[in-house]
Amino acid sequence: MPRFLTLPGRVAPLTLALVTAICAGLVVMERLTSEVLEHETHHWDEAILLGLRHADDLSLPIGPPWILHAVRDVNSLGGVTVLAIMTVLATIFLLISRRRAMALYMLVSLMGGWAISNALKFGVARPRPTIVPHLMDVYDPSFPSGHAMMSAVTYLTIAALVSQGNIRGATRAFFLATALMLTFAIGLCRIYLGVHYPTDVLAGWCVGSLWALCCYAVGRKYIGSGFNNDVVTLDR
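Position one of the sequence shown corresponds to residue 51 (the numbering used here), numbered consecutively onward.
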């Protein structure tokens, strides 16, 4: 019997929590997308972007110059190049370690997330913010933030993989907290750089976390003991 099940006819707490989180995420995303399409969030989206710039020169972000350099560095952690390299390296490691099912889980999570991100971007087709100058080059539609979404998918998926097996709860909490912190920071950087509305980033966090949860739930069910017991460590 898979570990995510307990007694016949009884739902395990983790399964119930996953289902609840996924349903809540769907409701939030549907509502947020509706508000964006109806331009209900436009006023406070622009107010936040303006609040992060000097009133006399909108090309200058608030804060000392070093903050902009730090923001750009953190922002790169959610870029396509960095996330693609991490995905390839993690997949190769899993294949070398003979964890083929987990390697497939990694690829499906990341490639599926990328496909969903692009489908939403070109489906909603929201233009990028124009109220403030962009502090970096951008080319695709704005909603949802691909950096925020793919950071959530990638880092939460990696956290799920390295948290499997008989490791302490504190260690699991550390991996999850690190993934959430990186995802949160990268999303905020996109707003600071003026390349996304806050609702773009909020949607990216929501969809990315939702997709990561869905993949985790499916992984626990169909990969079974290989997902739950195969520890991803460097000592084997």
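Cβ atoms here follow ideal geometry from the backbone N, Cα and C, with glycine treated the same way.
Query	Result
Start and end residues, alpha helix (DSSP H) containing P191	That residue, P191, is in no alpha helix (DSSP H); it is neither H nor E in DSSP.
N- and C-terminal bounds of the alpha helix (DSSP H) containing S109	Careful: S109 lies outside any alpha helix (DSSP H), inside the beta strand (DSSP E) at D107 to P111.
Bounding residues of the alpha helix (DSSP H) (the contiguous stretch that carries R222)	G219 to Y242
Local Cβ density within 10 Å of H246, reported as buried at 16 or more and exposed below that	buried
Through-space distance from H92 to L82, alpha-carbon basis	12 Å
Reduced DSSP category for A267 - H, G, I as helix; E, B as strand; rest coil	helix
R103, DSSP secondary structure in three states	strand
Rounded separation between W255 and I72 - CA only	13 Å
Complete alpha helix (DSSP H) runs within the stretch 98-186 (minimum length 4 residues, chain order)	115-126, 130-146 and 150-174
Touch test, the stretch 202-216 against the stretch 131-143, Cβ-Cβ under 8 Å, three pairs minimum	yes
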